[in-house]
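Protein chains in written order, with the numbering used here: chain X, 2 to 373; chain H, 2 to 373. Ideal placement from N, C-alpha and C gives every residue a C-beta, glycine not left out. Computed from a predicted model, the values in this text were never measured in an experiment. Beneath this line is the structure, given in structure tokens, with notes to follow.
Structure (structure tokens):
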């Protein structure tokens, strides 16, 4: 059995991009099929296409919907590494950046003018993401030349605009009804903000973790010593946001947790310093879905992030991350609020993945679960 | 520019397999081309096909030589991760296991009987490796089913027989003329054996490193505390074996270093406990080329390994590694000595790699260097 796939970089992630039709031909449940293709369970994923890290063990499944208002529908799969499992509970913003480029490269969407607009819908969250791919003079450049923080090589410029992102998971921008709340974890009281936009995120103040806000370069080491406590905060937040009945039942991927602190000084090139956790470890850059929540939190009076940024009319928010400063933007468009960020994307390889064994069941049941 | 390649697992490594012709069409120097394809320099190789670890940033370049005594000629490239460079100085035994399978899958060699013999020549070292691929009833099994230590999933069985492997790099099995030597490094005198077969290897006694020979599971932590000293020993050995004029000039990949100790007790399922270093870190399994040196060292009176195993007529040597017990074998065949090990291999994906930029120069100059 052989399965077509494109291996693409989206932002700071690498992901395998499949079409629904091609996966259905394999005749296997996706919860079995994807881990086998990726080489899981195995901490090294040595017999499959996975990259053995959370940012390189990802799949995107694309289809062209009957709904004519949407160009491409996509489902994100976080493929387990040491476990043969798939987490369907959230979207990946970095990987989302491959969708518009894929649609143009495959001829699903014809480039139109200097910037081509592709309407995409993520099925994990129901989020519409309006993508704008740079197509100067109506075509993808022969040599991609757009740069972004955290990636050494250039790619194609892709703008991601999350349409009306508030409350897509919990129904409300502030799921608890409050801009700040107190969570008790590890014997300490933490003042946090819980915000749902792009993804549900709990924001923790760097000062309360004892991090030196004047030395962002020391955060990673400090954070790694407190991962257990941070996970306890995250699980408490899952319950408070109505996403889990008890801390032990919280999903691994959401809510996300972001540690935030003020810029290092008046000359800092950012509005806020941020370190996010990804699957329990410091993220090498930024979870893009989470950056949407940060952007709306900055605009919401009373949140721990708004206390740092103050109320502002700026449409751009500058977030310092381990990979550099990342800018998010907000704009009104046709009665909708678009909150977004620019990424780059590139196709690394066009592949036929070899599946050595025959796996049972039918892929459709699994897709139905993912899109429910 | 697009370049054909097969992504294959060979033993406990993943490597990208190219044909010389396909690379030449790219019209670029391989020392520039391979790092770009792999996404180097970048500790995450996020914009390329590399896996960001020493065992997954490897390439094999295959061709069918005019010499009718050899079926396939191959060159191994260890592609740098944080540096945009290629190390051509040694072969990779695990990756070598893909060569025979590739030849059968591409129709270069027609399967013959239950086990198909493929004569391969590694150009980095001049080593002939006789490969035997299991082809029951004259064909590759539809579903590969051979298991090996360190790999969760099955593959095709490949036996690798290194033909007369002694002295391929230095000219002699014992490059210093002695079965044991004393090396001074880190203020301590170390009793070591330096043996050249498959790859040049310096063997260090676990006891002298203060490791608990009755507790192999504690070695990794103990070794990681002494990496600086071990690298000093390795560099001294490079000079003593005539491979470098001074310690600072020693190559990174060779000589290899192996730490050895006696089995934990009379009921142990191995003849010797081994931990190798790979690019300065504990190897997750075993460098197969180095295992050839260990096998001949066990058969050579007076080496530090022979002191553990004693003289024996056994044709099989059982090496305990972090990935499990690996058996090597030796046999006389047609007047030659074959020393080898069984691996499994599998094609993971057939790919077209996208090269976004045009790189200068000509590939041939680089290949000529690699095969000199």
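Query raised in the report: If you compare alpha carbons, which of 3/X, 119/X, 21/X and 244/X is closest to residue 159/X?
Result: 119/X
Query raised in the report: Are the segment 300 to 319 of chain X and the segment 212 to 228 of chain X touching, with three or more C-beta to C-beta distances below 8 Å?
Result: no
Query raised in the report: If you draw a straight line from the alpha carbon of residue 362/H to that of residue 80/H, how long is it in whole angstroms?
Result: In this prediction, residue 362/H has a pLDDT of 40, which is less than 50 and means its spatial position is unreliable; nothing more can be read from the coordinates.
Report task. Determine the direct distance from the alpha carbon of residue 173/X to that of residue 87/X, and round the result to whole angstroms. Result -> 27 Å
Query - Strand pairing of residue 123/H, partner residues [DSSP] - result: 75/H
Query raised in the report: Would you call the CB atoms of residue 416/H and residue 347/H closer than 9 Å?
Result: Past the edges of chain H, shown from 2 to 373, lies residue 416/H, and the structure says nothing about it.
Requested in this report: Tell whether a beta-carbon distance below 9 Å holds between residue 91/X and residue 275/X.
Outcome: no
Report task. Answer yes or no: does any C-beta atom of chain H fall closer than 9 Å to that of residue 350/X? Result -> yes
Query raised in the report: Where do the ends of the beta strand (DSSP E) carrying residue 355/X lie?
Result: 337 to 355
Requested in this report: Please compile the residues from chain X whose C-beta is within a distance smaller than 9 Å of the C-beta of residue 136/H.
Outcome: By Cβ distance, chain X contributes nothing, its closest Cβ being about 16 Å from residue 136/H, past 9 Å.
Report task. Could you confirm whether any beta carbon from chain H is found closer than 9 Å to the beta carbon of residue 6/X? Result -> yes
Query raised in the report: Taking 9 Å as the CB-CB limit, is residue 358/X close to chain A?
Result: Of the protein chains in the structure, X and H, none is chain A.
Query - Cβ-based contacts, 9 Å cut-off: residues of the segment 148 to 179 of chain X near chain H - result: 151, 152, 153, 154, 155 and 156
Query raised in the report: Does the ligand ZN have even one heavy atom less than 8 Å from the beta-carbon of residue 80/H?
Result: For the structure depicted, the ligand ZN is absent and the ligand set is empty, with no information on it obtainable.
Report task. Pair every Cβ in the segment 257 to 268 of chain X with every Cβ in the segment 193 to 206 of chain X, then say whether three or more of these pairs are closer than 8 Å. Result -> yes
Query raised in the report: What residues in the segment 39 to 55 of chain H bring their beta carbon closer than 8 Å to a beta carbon of chain X?
Result: 40, 42, 43, 45, 47, 48, 49, 50, 52, 53 and 54
Requested in this report: Starting from the C-beta of residue 318/X, find all residues in its chain whose C-beta is less than 6 Å away, skip the five residues before and the five after it, and write them out in chain order.
Outcome: 272, 296, 299 and 329
Query raised in the report: Counting pairs of Cβ atoms below 8 Å between the segment 38 to 55 of chain X and the segment 131 to 142 of chain X, do you hit three or more?
Result: no
Query raised in the report: Can you tell me the Cα-Cα spacing of residue 251/X and residue 169/X, whole angstroms?
Result: 18 Å
Query raised in the report: Any idea which residues DSSP pairs residue 163/H with across the strands?
Result: 130/H and 340/H
Query raised in the report: Whole-angstrom Cβ separation of residue 83/X and residue 351/X, contact assumed at under 8 Å?
Result: Actually they do not touch by this definition, with Cβ atoms about 29 Å apart.
Report task. Tell me whether residue 250/X sits in a helix, a strand or coil according to DSSP, three-state version. Result -> helix
Query raised in the report: For residue 343/X, is the classification buried or exposed, using 16 other Cβ atoms within 10 angstroms of its Cβ as the cut-off for buried?
Result: buried
Requested in this report: Verify whether the separation of the beta carbon atoms of residue 57/H and residue 60/X is less than 9 Å.
Outcome: no
Report task. State yes or no: is the beta carbon of residue 285/X nearer than 9 Å to at least one beta carbon in chain H? Result -> yes
Query raised in the report: Less than 9 Å separating the beta-carbons of residue 42/X and residue 324/X?
Result: no
**Report entry** For residue 80/X: DSSP bridge partner residues
**Finding:** 87/X
Requested in this report: To the nearest angstrom, report how far apart residue 230/X and residue 289/X are at their CA atoms.
Outcome: 24 Å
Requested in this report: Run down chain X in chain order and give the residues with a C-beta less than 8 Å from the C-beta of residue 87/H.
Outcome: Those do not exist, as residue 87/H stays about 17 Å from chain X at its closest Cβ, beyond 8 Å.
Query - Three-state class that DSSP yields for residue 333/H in the structure shown - result: strand
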